[in-house]
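This report concerns only the one structure given below.
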Amino acid sequence: MIVPVALGTRSYDVHIAAGALADAGAIVAPLTRSRRISVVTDSTVARLHLPALTAALAAAGLTAVPLIVTPGEAQKNWRTLEFVVESLLSRGVERGDAVIALGGGVVGDLTGFAAAVLRRGCKFVQIPTTLLAQVDSSVGGKTAINAAAGKNLVGAFHQPAAVVIDPDLLDTLPPRELRAGYAEIVKTALLGDAAFFAWCEGNAAALLAGDAAARVHAIATSVAAKAAIVAADERETGDVRALLNLGHTFGHALEAEAGFSDRLLHGEAVAIGCALAFRFSAERGLCPPADARRVAAHLAAVGLPASPRGLATSAAPLIDHMMQDKKMAGGTLAFVLAHRIGDAFVARDVALADVEAFLARELASLREGAHP
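This is the structure:
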C-alpha cells in the first residue's frame, strides 16, 4: 500500500506493507547518489532490526554504515544532535545523499533535524520501528530537539524523501510502547473521523494483540488522514494542521513536568491530553459529557492513562510549561477542543486562567479519590 504525501516538489510516498523492510534497498537506491548509506539508529533498534536493513540495502547494491545513539527521549538534545551532524560530516555525506532514520520518534526527529541543517539540507528516509512513529511522527516533516524550556522547541520543517512502514517490526515492541503509539491512532479518530473511533473501540484489542490486518488498517487510515492534513497546511500556518495537536498542549506540559523521562511516554501524555481536552470541552458546554466519558473509557480499556494522576501536584507548573509552548502567539495559546468525537476545532480564545482553574479541579478530584 502506498500513501502519497502531495507537496509539489517535496512530495513523497509512504510505503506500508508487512515485510516492507526487505524492500528498503529498492526504495532507497533511486534516492541517493552514494552507495554508502548512513543509518542512524539507537542501540536497542540496532540489535533488533539493523541486520535485516543491512541485508535489504545490500540486495540493492548499497552498504549500510551505522551511526548508533543511546535510546530515549532525553537524547533529543544539542549534544546528541551535534554528534549526529559531526559524524555525518566526517563521513562526507553530501546534499544528494540519503540518510536513513531507523527507529522511533526520537531517532526520526534527530535524524530529520540533522538532515535539515546538514549542508543546508540533505535527503533522509524514515523507517519507523514504533507504532507511534509509524502513524504520526515519521510523516509530515516536523523535526526537532527538546530544550530546557520545553519539548520540540528547536527544529525545522524538513520532509523525508520516503517513508517505509513495516508493521511486522511492531512484534518486538514492548506492550507499553505499543499502547503509547495507539494513543496517536485514537487522536486521529477523535479529531476528524467518528467512524474510525468506533472501529477502534471494536478492534483495539486485536490490534494490540498483533492482528496484522487490524494494524495495517489502523496505520494506513492514520497515515492517509495525516497526509491529507499536511498537504493542505504543511507548515501549520492555519488551523488545518494545528488539529493534529489535539491532546498535545496538555500532554507536552505533563511531559515537561515529568522531565521528558520514561515516567511518562509521549503517547501516554497524548492520551491524557485527549481526555483532558474532551473534559475541558464538555465543561465549557462545547461537547456532550457522554463523549468525554466515552473517550476516557476507551483509553482506560486499552490500558492507557486518562488523567494526570501522580504526574502533577498543582496546576501552576503545568501552565508555566504551556507558556513555553511553541504554538504560543501574541501571548495567547491555541487549544484544540471538540464539539463531539470526530469533530475537533482550534480555539484561540481560551484564557490560560480558565485552563488553570480546570486543571486545579482535575487534580483536586484525583486527590479526593475520584476518577474523572
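No gaps in the numbering here: position 117 of the sequence shown is 120 in our numbering, and each next residue is one more.
All C-beta atoms in this analysis are idealised placements derived from N, C-alpha and C, irrespective of residue type, glycine included.
Taking one C-beta from the segment 285-293 and one from the segment 339-354 each time, how about it: are there three or more such pairs within less than 8 Å? yes
Report the CB separation of Gly184 from Leu135 in whole angstroms; it is logged as a contact under 8 Å. 4 Å
To the nearest angstrom, report how far apart Asp16 and Leu210 are at their CA atoms. 24 Å
Cβ of Ala197 within 8 Å of Cβ of His161? no
May I ask you to report which of helix, strand or coil DSSP gives Lys229? helix
Gln162 by DSSP, collapsed to three states: which one? coil
Relative to the alpha-carbon of Leu173, which residue among Val120, Glu237, Ala23 has its alpha-carbon at the smallest distance? Ala23
Do you know whose CA, among Lys190, Leu105, Leu92, Ala159, lies nearest Val138's CA? Comparing Cα positions, the closest option is Lys190.
Contact belief for Arg154 with Phe263 at Cβ below 8 Å, rounded distance in angstroms: For clarity, residue 154 is Lys in the given sequence; the question names Arg instead. That belief holds up - the Cβ atoms of Lys154 and Phe263 are roughly 7 Å apart, short of 8 Å.
Ala159 to Ile148, Cα distance in whole Å? 10 Å
Per the DSSP calculation, Gln327 is bridged to which residue(s)? BP columns for Gln327 are empty, so no partner.
Suppose the cutoff is 7 Å on Cβ atoms and the five residues either side in sequence are ignored; what does the same chain contact list for Ile400 look like? Missing from the structure shown is residue 400; the chain here goes from 4 to 375 and no further.
Drop a sphere of 10 angstroms on the beta-carbon of Ile5, count the other beta-carbons inside from all chains shown, and report buried for 16 or more, exposed for fewer. exposed
Closest Cα partner of Arg244 within the set Phe253, Ala230, Ala256: Ala230
Please report the straight-line C-alpha distance between Arg296 and Arg282, rounded to a whole angstrom. Distance between the alpha carbons of Arg296 and Arg282: 8 Å.
In the structure shown, what three-state DSSP assignment does Ala192 receive? helix
Work out the CA separation of Gly64 and Gly28 for me, nearest whole Å. The alpha-carbon atoms of Gly28 and Gly64 are separated by roughly 8 Å.
Pro375 (DSSP reduced to helix, strand or coil): Residue placement at Pro375 is poorly supported in this model, since its pLDDT is 49, which falls under 50; the coordinates still yield a value, given next. The answer is coil: DSSP assigns Pro375 none of H, G, I, E or B.
When the Cα of Arg312 is compared with those of Leu336, Ile344, Ala274, which residue comes out closest? Ala274
Enumerated in chain order, which unbroken segments of the alpha helix (DSSP H) with a length of 4 residues or greater are wholly contained in the segment 242-319? You should have 251-260, 269-286, 292-304.
Measure the C-alpha to C-alpha separation of Phe200 and Ser93 and round it to an integer number of angstroms. 47 Å
Can you give me the C-alpha to C-alpha distance between Asn80 and Ala150, rounded to a whole angstrom? Straight-line spacing of the CA atoms in Asn80 and Ala150 works out to 7 Å.
Spatial distance of His251 from Ala354 (CA atoms): Taking the CA atoms as reference points, His251 sits about 17 Å from Ala354.
For Asp236, the three-state DSSP class (helix, strand or coil): coil
Is it buried or exposed, Asp100, if we count other Cβ atoms within 10 angstroms and call 16 or more buried? buried
Member of Val72, Leu53, Arg370 whose CA lies at the smallest distance from the CA of Thr66: Cα-wise, what sits closest to Thr66 is Leu53.
For Thr316, does the count of other Cβ atoms within 10 angstroms reach 16, so buried, or fall short, so exposed? exposed
Straight-line Cα distance separating Leu60 from Val102: 12 Å
Just to confirm, are Val43 and Leu70 a CB contact at a threshold of 8 Å? Contact: yes.
What does the alpha-carbon distance come out to for the pair Arg98 and Glu371? 58 Å
Hey, Ala212 and Ala21: beta-carbon distance below 8 Å or not? no
Ser37 to Gly111 span [Cα, whole Å]: 21 Å
Under a three-way DSSP split, which group does Leu121 fall into? helix
Residue of Asp323, Ile130, Ile344, Leu268 minimising C-alpha distance to Ala278: Ile344
Would you grab the beta carbon distance between Leu257 and Leu314 for me? Rounded to a whole angstrom, and I think it's under 8 Å. 5 Å
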